[in-house]
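This report concerns only the one structure given below.
Number of protein chains: 4
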Amino acid sequence: METMIDRKPTDRRKQVLEAASRSFAAFGYKATTMDQVAKAAGVGKGTIYTFFANKEELFEQIVKDLIAELKAVAERTLDPALPFSDNLLGILQQVLAYRDRHGLVVKLSQEVKEFGTPMAKGGLEAVERSIVDYIAGHVSDAIAKGEVRRSDPALTAYMMLKMYLALTAEGDHLHEPLDAEQVLAHFRFYCLEGLAVV
Amino acid sequence: METMIDRKPTDRRKQVLEAASRSFAAFGYKATTMDQVAKAAGVGKGTIYTFFANKEELFEQIVKDLIAELKAVAERTLDPALPFSDNLLGILQQVLAYRDRHGLVVKLSQEVKEFGTPMAKGGLEAVERSIVDYIAGHVSDAIAKGEVRRSDPALTAYMMLKMYLALTAEGDHLHEPLDAEQVLAHFRFYCLEGLAVV
Amino acid sequence: METMIDRKPTDRRKQVLEAASRSFAAFGYKATTMDQVAKAAGVGKGTIYTFFANKEELFEQIVKDLIAELKAVAERTLDPALPFSDNLLGILQQVLAYRDRHGLVVKLSQEVKEFGTPMAKGGLEAVERSIVDYIAGHVSDAIAKGEVRRSDPALTAYMMLKMYLALTAEGDHLHEPLDAEQVLAHFRFYCLEGLAVV
Amino acid sequence: METMIDRKPTDRRKQVLEAASRSFAAFGYKATTMDQVAKAAGVGKGTIYTFFANKEELFEQIVKDLIAELKAVAERTLDPALPFSDNLLGILQQVLAYRDRHGLVVKLSQEVKEFGTPMAKGGLEAVERSIVDYIAGHVSDAIAKGEVRRSDPALTAYMMLKMYLALTAEGDHLHEPLDAEQVLAHFRFYCLEGLAVV
DNA sequence: AATGAATGAGTCTTCATTCAT
DNA sequence: AATGAATGAAGACTCATTCAT
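Protein chains in written order, with the UniProt record's numbering: chain S, 1 to 198; chain Y, 1 to 198; chain W, 1 to 198; chain X, 1 to 198.
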């Protein structure tokens with residue numbers, strides 16, 4: 001009688017993660033209820049708690065997975081033979097392909113300082129810090145190679161992330177959603193070239 | 001004997017606004033409880049409701065005040081005789097002076113997309129939209145005068161705001177807090193000049 | 001400078017009683033707020049508390065006054081020379097003239113069992129009991145004189161009150177509001193004559 | 001070991017309805033707190049909300065059930081072959097059998113006009129209107145058949161209900177509680193025969 | 001004496017978490 | 001192992017009452 005549905009047992013964990021990911025992205029952390037997640041995942045509410053001790057842990061797992069995935073994408077794309085800006089834009093291009101899947105989560109993690117005490121203050125910044133550290137390493141190299149102007153690599157990496165997030169943000173209706181190509185072009189314009197007339 | 005406390009009776013509304021402002025900035029909208037605000041303001045819970053019909057209205061008032069204040073600062077500082085970048089940096093400089101008072105709120109309003117149905121959908125974006133519109137107008141002028149490179153004024157204004165907020169953000173411990181002078185210098189560097197070696 | 005309003009100081013207590021009376025009748029006990037009463041009476045909220053220790057006491061006073069007023073009306077109208085049914089209808093006629101002023105309160109006192117523990121359980125029934133006792137006395141006499149059929153005077157009095165209240169009730173939209181004359185006619189029909197075909 | 005408690009899981013909804021019914025009858029709508037109901041029903045407060053969206057809906061359900069039950073009783077008892085007064089008294093007799101179970105609720109619905117805006121204005125009168133309409137239909141027939149004196153059927157039905165409620169009321173300690181037989185006898189006396197000596 | 005701003009106990013309602021099945 | 005009915009702590013909001021002016 002289980003044959004009718006016939007899901008491999010290990011499916012359930014992934015289903016939960018994906019449903020939760022979508023919910024967090026769409027409604028935010030607090031506004032997402034465990035009922036919602038269970039319903040969306042097509043599992044019982046109790047099932048979630050067999051995988052994750054609580055809501056917070058579920059959220060953290062999503063964030064952790066995201067970091068790993070982003071790193072993997074970056075590593076896969078990076079070509080040491082190419083100049084920094086090519087690599088940077090190349091990676092952005094790859095990441096943008098995933099935008100539908102986790103772009104919103106990136107945005108969420110950026111936007112949500114919205115957490116009670118339980119959700120450890122800096123906990124969320126794990127994502128950003130991890131990304132920034134990663135980029136900063138490459139910025140350092142690029143500076144050393146004279147490929148970009150001299151600057152604080154950490155701060156520059158941070159500004160890059162913010163600009164990327166600003167351009168890809170779909171939530172605020174402050175600007176039209178940009179397609180991948182536009183994001184790349186504008187990123188190059190604002191981040192690399194600058195506004196000043198030469 | 002009253003001299004120790006000695007608050008003008010009309011203080012209370014302001015006390016509430018300031019305590020709420022701090023709380024919203026520190027914990028976000030949802031995570032801020034009215035009890036908290038009352039305690040922080042040193043007033044009874046009911047007192048808040050004599051001034052504001054509900055939590056949402058309290059929040060909106062803070063946002064509204066902020067917009068007004070920012071506009072006032074900008075108008076006061078703007079000198080049509082000066083070139084765009086000077087005005088831009090001048091205004092930033094002025095606004096930065098207020099950072100302690102409401103910088104956090106700016107950040108909050110940017111970060112909190114975290115609202116259920118009650119908090120009118122785009123309602124919060126009022127702040128950003130208002131600021132962006134304002135800047136966009138001046139960007140337009142600057143482009144017309146050839147003071148900056150040709151670009152979509154709205155998008156450029158939006159990116160400027162995001163960069164400014166990124167640099168002044170104190171919440172994320174992703175970079176050391178910068179003092180006013182540093183913010184200005186970095187803003188010039190990242191926003192106007194760009195990273196690319198010339 | 002007080003001359004502009006120029007109310008005799010003793011006015012205030014009566015103003016409060018009347019405003020409260022109207023409010024209780026219109027909205028019920030719980031749904032009537034002290035703010036409402038104060039506003040309607042044109043006095044400060046605190047003023048109410050100089051006359052009445054609390055909301056309950058205010059209500060009780062209204063009830064007490066009402067009883068007294070009803071008794072006075074009855075006494076004034078009663079003519080021992082007339083037969084019972086004439087007196088009964090005569091008194092009803094008098095009381096009906098006051099309907100605008102306190103008819104609603106009578107109804108309220110009947111309808112509102114709606115009281116927390118504070119409002120002593122049977123406390124409200126004071127009105128009804130007082131009225132019933134009064135009528136019962138006269139029913140007794142009437143029975144003794146053979147003017148009405150033999151019955152339990154208390155129960156008959158009680159039923160009379162209920163019928164009267166049912167006919168004068170304006171709150172339920174179960175029947176069209178009846179004018180004084182109609183009330184009298186119907187009271188005679190239902191209470192004295194009965195439905196049965198003879 | 002479970003035998004002592006041994007409740008079928010589905011019991012809970014009914015437990016809540018019954019506890020609420022008792023509480024509403026005893027204390028009224030406003031004075032009944034959800035905590036009280038939960039405690040009285042022996043369930044958690046949240047449990048109530050799994051069955052009823054809110055307090056108002058809980059109340060409405062009780063009222064609705066009551067109407068349905070009363071109608072069912074009436075239909076079951078009605079015998080078109082019998083004269084009106086027999087049917088009327090027969091139905092009363094049946095309804096009286098229910099008195100112990102929810103007679104108080106009937107009374108409540110009659111007494112509580114005590115509702116702010118939330119509780120839909122005439123919403124509560126649904127019970128009475130429903131009952132009155134039902135009786136009125138039968139009164140019409142009875143008049144047509146010459147079984148009772150000519151009168152406005154709606155008003156007569158309304159008066160009958162009020163008299164019935166007055167006689168069965170247990171809340172007011174204005175008269176001794178009557179047993180079923182007494183209620184019937186008195187109803188016949190006051191409603192059908194009238195007080196006047198023939 | 002009169003006021004009304006201030007108060008906080010008490011309400012309804014939500015939702016993360018548990019546990020019997 | 002999976003479930004979802006049950007729970008109660010916590011939050012927004014109301015309003016009778018107090019008290020400084």
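All residues carry an ideal CB built from backbone N, CA and C; glycine is no exception. Values in this document were obtained by computation on a predicted structure and should not be read as measured data.
Taking a beta-carbon distance threshold of 9 Å, T156(S) counts as an interface residue toward chain Y. Setting aside the 5 residues that flank it on each side, C191(Y) is surrounded in the same chain by M160, M163, each with a C-beta closer than 7 Å to its C-beta; the list follows chain order. Taking 8 Å as the upper bound for CB-CB distance, V16(S) and A41(S) are in contact here, some 5 Å apart. Listed along chain X are H186, F189, Y190, L195, each with a C-beta nearer than 9 Å to that of S151(W). Between the alpha carbons of S151(X) and P80(X) lies a distance of about 21 Å. The DSSP-derived three-state label of V43(X) is coil. Counting C-beta atoms within 10 angstroms of its own C-beta, A68(Y) has fewer than 16 neighbours from the protein chains shown and is therefore classed as exposed.
For M34(Y), not one C-beta of chain S is nearer than 9 Å to its own C-beta.
DSSP places R188(S) outside any alpha helix (DSSP H), giving it a letter other than H or E. Under the Cβ criterion (8 Å, minimum of three pairs), the stretch 138-147 of chain X counts as touching the stretch 77-95 of chain X. Taking each of A38(S), E147(S), Q61(S) in turn and checking the Cα distance to R12(S), the smallest one comes out for A38(S). Contact annotation for V132(Y) against chain S: L174 [CB-CB distance below 7 Å, chain order]. For a Cβ distance threshold of 8 Å, nothing in chain Y lies close to K64(S): the least Cβ distance comes to about 18 Å.
Comparing C-alpha distances from D133(W) to each of E147(W), L155(W), V148(W) shows the shortest one belongs to L155(W). At least one C-beta of chain S is nearer than 9 Å to the C-beta of L167(Y). Look at K71(Y): its C-beta is not under 9 Å from any C-beta on chain S.
For K162(S), the nearest CB of chain Y lies under 9 Å from its own CB, placing it at the interface with that chain.
With 16 or more other Cβ atoms inside 10 Å of its own Cβ, P153(X) counts as buried. Just measuring C-alpha positions, the residue of T50(W), G28(W), A97(W), G137(W) sitting nearest K14(W) is T50(W). Nearest Cα to E128(W) within the set H175(X), A157(X), F59(X), G28(X): H175(X). By the beta-carbon neighbour count (other beta carbons within 10 angstroms, threshold 16), K71(S) is exposed. With a contact defined as Cβ atoms closer than 8 Å, L184(X) and L89(X) qualify at about 6 Å. Rounded to the nearest whole angstrom, the C-alpha separation of E181(W) and D35(X) is 48 Å. In the DSSP assignment, V63(X) falls within the unbroken alpha helix (DSSP H) covering 55-77.
For R149(Y), the closest C-alpha among the options T32(S), A169(S), H186(S) is that of H186(S).
Taking all protein chains in view, the Cβ of G194(X) is crowded by 16 or more other Cβ atoms within 10 Å, so the residue is classified as buried.
Residue L58(S) holds the alpha-carbon nearest to the alpha-carbon of S23(S) among G46(S), F52(S), L58(S).
The beta carbon of D65(S) is closer than 8 Å to those of L17 in its chain, skipping five residues each way along the sequence. A25(S) and F27(Y) have their alpha carbons spaced roughly 19 Å apart. Residue pairing from DSSP leaves V16(X) without any beta-bridge partner. Contact annotation, L178(W) with L165(W): C-beta distance approximately 12 Å; criterion of less than 8 Å not satisfied.
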